[in-house]
Amino acid sequence: MSIELQPTAEPAAHLPRLSRSLRPSAKAPVRIVHLGLGAFHRSHQAWYTQQAGDSADWGIAAFTGRRPDAALALAEQDGLYTVVERADAGDSFTVVSSIVEAVDGADVQRLAELLAAPATAVVTLTITEAAYRLGSDGQLDRTASDVVADLALLASGSGNPTTPLGRLVLALAARRAAGGGPLAVVCCDNLSKNGTVARNAVVGMAGAWDEGLAGWIDANVSFVSTSVDRITPRTTDADIAAVEAACGYRDNSPVVAEPFSNWVLSGNFPAGRPRWEDAGAVFVAGIEPYENRKLWLLNGAHSLLAYAGQLRGHATVAQALADPACLQAVESFWDEAEANLSGSEGAADLQIPAYRAALLARFSNARIAHHLAQIAMDGSTKLRMRAVPVLQAERAAGRSGAAAALMFAAWMDYSAAAEALQDPLADEVAAANRLSGTERIRTLLALVDPGLAGDDAVVGLIEDLCGTFGERAVSL
Ligand code: CS2
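Residue numbering for the sequence shown follows our numbering, starting at 81 and increasing by one per position.
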């Protein structure tokens with residue numbers, strides 16, 4: 081449905097609240113458990129589930145991460161919310177009802193109950209890249225302070241874990257104990273080989289607590305890899321007002337997204353899954369070319385724009401892309417990425433020139449205010465997926481990798497200028513930034529990839545490239 085925005089004269093307080101009585105919709109039984117209830121889950125996996133032909137059989141119980149707020153807000157309206165698809169030509173509004181239970185992530189007992197139930201077939205995850213606590217060696221960092229704390233809680237059996245990994249491991253132990261049977265864990269975070277990353281993290285955490293559980297997970301849990309895509313900025317008060325004006329009800333949890341969406345999945349679902357293909361999801365045998373295309377071209381450009389753009393005084397993706405210096409940096413990075421994607425197996429299906437053209441159009445959608453500060457978070461983790469592989473491939477091909485190196489330089493300048501850096505390694509980054517010259521560059525680079533930090537040519541190149549976009553203070 082497409083609706084022209086018509087501001088209503090009626091004050092919002094007089095409008096009815098969105099709910100299942102206002103918009104009658106049956107509650108599907110819970111068969112999917114989601115960790116990481118946020119805007120992206122609502123615009124993507126929950127939206128795909130709603131469009132599936134068998135959606136009546138597949139309800140989602142969605143758990144928040146650190147705070148209960150999103151669950152409390154959704155619970156007030158029986159899990160219902162509006163997806164606003166925001167195109168250049170206007171907005172369209174769809175009510176999504178696939179989330180049937182919205183739960184505070186701290187309610188680990190409910191999570192364990194739901195995972196123990198044999199009807200639960202799928203666990204989806206959007207817990208952020210950094211939450212997998214991946215060390216630079218690709219394995220779970222067992223020394224991370226929150227991992228250490230959760231392992232101590234699990235070992236003592238008193239108190240609930242606080243990390244999503246710890247909570248999931250405890251709930252999987254409940255499934256094992258209840259004989260709930262095999263199920264699929266579907267990682268929907270922007271990581272390469274994200275199914276493997278999730279497996280390493282979950283099995284790593286379980287194994288540090290109980291070897292028997294780790295073995296059970298290995299044998300019974302299928303870790304599905306996926307490439308997820310839909311630009312979904314944070315919801316603003318203006319978005320809430322736009323829904324009120326257009327739809328005539330109050331919705332405290334609408335989500336605004338671009339019309340485009342994409343989901344590529346690879347792996348087994350031993351206890352079944354919704355017919356997500358009805359909504360355009362694609363199931364493939366080999367996911368790597370698709371995930372690299374998305375992580376390098378879309379997310380790589382996003383990170384480059386986040387750092388370069390903010391250094392040049394821009395706030396949103398569309399504003400940064402309109403700056404020729406930023407656009408040039410993106411095009412050069414894409415050239416390097418494309419050179420390495422083209423040689424990969426299955427590259428013919430990737431249609432890279434069309435994908436690049438579509439990205440320029442998506443990024444230029446000025447009606448989507450996608451804030452660079454949001455994308456800039458967790459850079460030390462994100463660059464491992466977005467810049468490192470391209471730079472490594474360029475070096476392996478005997479080239480400098482200057483465009484990928486520029487992304488590092490922009491991140492380093494940004495990390496020194498930002499007033500409050502949000503990053504799992506914020507303390508280490510701050511300490512490195514107190515060093516100077518080559519030592520500073522090498523230390524920062526080592527936080528992201530120790531191998532590249534050992535390459536003198538790369539370190540020298542990044543040092544030369546620092547300052548390209550200026551060094552203005554970035555206030556967040
Ligand atoms: C962004 C992604 O915040 C970020 O790091 O690059 O959230 C991006 O918008 C999505 O992956 C698009 O599908």
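Backbone N, C-alpha and C define an ideal beta-carbon position, used for all residues, glycine too.
Which residue's Cα is closest to the Cα of Ala-526: Leu-115, Ala-254 and Asp-217?
Residue Asp-217 is the option with its Cα nearest to Ala-526.
For His-382 and Val-539, the rounded distance between their alpha carbons:
So the alpha carbons of these two residues sit roughly 23 Å apart.
Is any non-hydrogen atom of the ligand CS2 found closer than 7 Å to the C-beta of Asp-309, if you look at the structure I gave you?
It does: the Cβ of Asp-309 is within 7 Å (strictly closer) of some heavy atom of the ligand CS2.
Backbone CA spacing between Gly-295 and Gly-352 [nearest angstrom]:
Gly-295 and Gly-352 have their C-alpha atoms spaced approximately 22 Å apart.
Identify whether Thr-312 lies in helix, strand or coil by the three-state DSSP scheme.
Three-state DSSP puts Thr-312 in coil, outside helix and strand.
Excluding five sequence neighbours on each side, which residues of the same chain lie with their C-beta closer than 6 Å to the C-beta of Ala-398?
Contacts found: Ser-444 and Ala-446.
Opposing strand residues paired with Asn-585 [DSSP bridges]:
Given a span of 81 to 556 for the chain in the structure shown, any question on residue 585 remains unanswerable.
Let me check you understand the geometry: is the CB of Gln-64 closer than 7 Å to at least one non-hydrogen atom of the ligand CS2?
Look at the range of the chain in this structure, 81 to 556, and you will see that residue 64 is not part of it.
Since Asp-415 is in the alpha helix (DSSP H), which residue starts that stretch and which ends it?
First-last of the alpha helix (DSSP H) with Asp-415: 404 to 422.
Segment limits, beta strand (DSSP E) that includes Asp-230
Run containing Asp-230: none in the beta strand (DSSP E); it sits in the alpha helix (DSSP H), 225 to 236.
Cβ atoms of Ala-419 and Ala-483: under 8 Å apart, would you say?
Contact: no.
If you measure from the CB of His-114, is any heavy atom of the ligand CS2 nearer than 7 Å?
No - the ligand CS2 has no heavy atom lying nearer than 7 Å to the Cβ of His-114.
Flag Asn-270 as yes when its Cβ comes closer than 7 Å to any non-hydrogen atom of the ligand CS2, and as no otherwise.
It does: the Cβ of Asn-270 is within 7 Å (strictly closer) of some heavy atom of the ligand CS2.
Within the same chain, show all residues whose beta-carbon is closer than 6 Å to that of His-94, passing over the 5 residues directly before and after it, in chain order.
Listed in chain order, the non-local C-beta contacts of His-94 below 6 Å within the same chain number zero, local neighbours out to five positions each way being set aside.
Check whether the Cβ of His-394 sits closer than 7 Å to any heavy atom of the ligand CS2, and report yes or no.
Checking every heavy atom of the ligand CS2 against the Cβ of His-394, none is found closer than 7 Å.
Burial state of Gln-431, where buried means 16 or more other Cβ atoms lie within 10 Å:
Answer is exposed; the Cβ neighbour count stays below 16.
Which one of Tyr-212, Glu-181 and Ala-496 has the shortest CA to CA distance from Leu-154?
Each of Tyr-212, Glu-181 and Ala-496 was checked against the Cα of Leu-154, and the nearest Cα belongs to Glu-181.
Under a Cβ-count criterion, where at least 16 other Cβ atoms within 10 Å of its own Cβ denotes burial, should Asp-168 be classed as buried or exposed?
Answer is exposed; the Cβ neighbour count stays below 16.
Helix, strand or coil for Ile-521 per DSSP?
If DSSP states are grouped into helix, strand and coil, Ile-521 belongs with the helices.
With respect to the beta strand (DSSP E) encompassing Arg-111, which residues constitute its N-terminal and C-terminal limits?
Taken as a continuous stretch (DSSP letters only), the beta strand (DSSP E) holding Arg-111 covers 110 to 115.
Could you tell me the distance, in whole angstroms, from the CA atom of Ala-141 to the CA atom of Asn-348?
Going by C-alpha positions, Ala-141 is about 21 Å away from Asn-348.
Which first and last residues belong to the alpha helix (DSSP H) in which Thr-396 is found?
Taken as a continuous stretch (DSSP letters only), Thr-396 belongs to no alpha helix (DSSP H), as it is neither H nor E.
Using three-state DSSP, classify Glu-84 as helix, strand or coil.
For Glu-84, the predicted model reports a pLDDT of 37, less than 50, meaning its position is unreliable and no value from the coordinates is stated.
Taking the alpha-carbon positions, what's the Glu-357 to Ala-506 distance?
C-alpha separation (whole angstroms): 40 Å.
Cut-off 6 Å between Cβ atoms - residues of its own chain near Arg-255, not counting five sequence neighbours on either side:
Around Arg-255: Leu-195 and Ala-196.
Following a CB-centred definition, is Leu-486 positioned closer than 7 Å to any heavy atom of the ligand CS2?
Remark: the shortest separation between the CB of Leu-486 and any heavy atom of the ligand CS2 does not fall under 7 Å.
Under 7 Å: does the beta carbon of His-121 sit that close to some heavy atom of the ligand CS2?
No, the beta carbon of His-121 sits no closer than 7 Å to any heavy atom of the ligand CS2.
Measuring only from the beta carbon, is Lys-21 closer than 7 Å to any heavy atom that is part of the ligand CS2?
This structure cannot speak to residue 21, because the chain is shown only from 81 to 556.
Beta-carbon separation of Asp-493 and Glu-551 under 8 Å?
Cβ distance < 8 Å, so Asp-493 and Glu-551 count as in contact.
Given Ala-281, which residues of its chain have a CB within under 6 Å of its CB, disregarding the five upstream and five downstream residues?
Here the set comprises Tyr-212, Leu-220 and Leu-245.
CB contact check: Pro-369 to chain D, cutoff 8 Å
Absent from the structure is chain D; it holds one protein chain and no more.
Drop a sphere of 10 angstroms on the beta-carbon of Ser-346, count the other beta-carbons inside from all chains shown, and report buried for 16 or more, exposed for fewer.
Buried is the label assigned to Ser-346, since at least 16 other Cβ atoms lie within 10 Å of its Cβ.
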